[in-house]
Ligand code: PHE
C-alpha cells in the first residue's frame, strides 16, 4: 500500500475514532497512539528512509500535512469534549438557592430568662443597678444578717440545703441586701436576680430550685410610699396601665413593716379563674421597709438612713405572663412548649 493510501486510511480511521470518543482521557490515548513517539504517523516518518530520495520531500510534505490536519482535528475535538465535561460538572454540582427548604431549628431564651431580662430592663430604667452574688452562701448572710438568728422559728419556713453548719444554698436573694450594704455607701439602689434553693417537695407551685430578684434602696428619707410607687411603676411597665396592685400586711424578720404584693390576674382581669384560684389576684412578691436592726448590723446608721426591699418571684411572673398553671413546665425543658413561650 502506498504511503498516500496509508495516510488517507489513517485520516479516516482517526476521524472516525475522534467522533466516537466522548472523554478527554480517551482522546489523549488516541493522540499518543497516532502522533506519539511510537505512534503510527511517527512510524511512517521513520520509514521514509526506505523511499527513493526524490520521493522523500513530497511524501514528507504529505505526512506533515496530515500531522497538522490531525493535530488541528484533535484540538478541536478536545475543546468540544472539555466544554461538554465542564458543562456536565456545572449541571451536576448546581445548587438551586431558590429551592424551598426546611428552616433551621433555632433555640430561644428560656421564659425565666426572658422575664428576668425584662425586669432588669424595667428597674434599670428606674435607676437600679444589677448586682450578682453567690448561690452557695454563708449562713451569716442568708440568715443572721437578715435578722434570722440560729434557732429562729422563721428559719423553718425557708429550710434549705446545708453544706455544713455555716454554708447553705441561699434560700432567697435577700443576703444580697447585706452584701450590698456592707460594700456600698448610700444611696444604694440595686437589684439582684438569681437562683435560690429550698428543701421543698416538687409540685405545681413549688420547686427546690427557683428564681428571685431582690431589690434594695437605702437613702435618706426613703418611705413606704417610695416602695409603693416603685412597685406600682414596675407593675404597670410589665403588665400595662390597667393592672392594679394590692398590698397585704405580712411578716419578714428583715423588713418592718412587711407586705406581700398581689397583681390583678392577667388571665381573667380580676374576675377569678383557675390561674388565680378564683381570687382575681396573683401574689408576686414580698417587700417592706428594711428593718433598722438589719441596717445597723450591716453598718448603716438607721437614724440617718432608711430603706425598702422587695423580693420578686420570677416563676410567678413567668407563669402569670404565659398563663401556666403548673410550674414544672418551666423546668422540664420540653422544646415543644418552650418554643411557644417567647
Ligand atoms: N426574701 C423574701 C422571700 O424569699 C422576700 C422578701 C424580700 C421580702 C425582700 C421582703 C423584702 O420570701
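In the working numbering, the protein residues as written are 244 to 585.
By construction, the Cβ of each residue, glycine as well, lies at the ideal position given by its N, Cα and C atoms.
Residues that residue i bridges to, as DSSP identifies them
i	result
residue 507	524
residue 435	457
residue 572	In the DSSP output, where bridge partners are listed per residue, residue 572 has none listed.
residue 501	493 and 531
residue 380	411
residue 513	Paired residue(s): none; residue 513 is not in a bridge.
residue 449	446
residue 462	549
residue 556	455
residue 440	452
residue 372	433
residue 488	506
Buried versus exposed call for residue i [16 or more other C-beta atoms within 10 Å across all chains shown]
i	result
residue 458	buried
residue 550	buried
residue 399	exposed
residue 417	buried
residue 320	buried
residue 432	buried
residue 326	exposed
residue 425	exposed
residue 552	buried
residue 271	exposed
residue 531	buried
residue 403	buried
residue 337	exposed
residue 304	exposed
residue 286	exposed
residue 455	buried
residue 496	buried
Of the residues the options, the one placed nearest residue i, counting alpha carbons only
i	options	result
residue 517	492, 563 and 528	563
residue 435	359, 404 and 567	359
residue 533	300, 420 and 489	420
residue 429	335, 555, 542 and 528	542
residue 308	271, 253 and 267	253
residue 268	289, 280, 324 and 287	324
residue 487	508, 470, 498 and 493	508
residue 372	423, 249 and 355	423
residue 471	503, 451, 442 and 497	503
residue 554	582, 278, 394 and 527	527
residue 391	578, 546, 540 and 263	540
residue 582	339, 408 and 357	357
residue 529	559, 536, 522 and 545	559
residue 315	302, 353 and 278	278
residue 545	246, 511 and 498	498
residue 261	276, 411, 456 and 467	276
residue 548	535, 473 and 401	535
residue 512	485, 494, 491 and 537	485
Practice item. Decide yes or no for the touch test of the segment 378–391 against the segment 454–469: beta carbon pairs closer than 8 angstroms, at least 3 of them. Key: no
Practice item. Evaluate contact between the segment 328–343 and the segment 440–452, counting only Cβ atoms and requiring at least three cross-stretch pairs below 8 angstroms. Key: no
Exercise for review: Taking 8 angstroms as the threshold, find out whether the segment 284–302 comes into contact with the segment 337–355 through three or more Cβ pairs.
Suggested key: no
Review point. Counting pairs of Cβ atoms below 8 angstroms between the segment 479–492 and the segment 356–376, do you hit three or more?
Key: The segment 479–492 is in contact with the segment 356–376.
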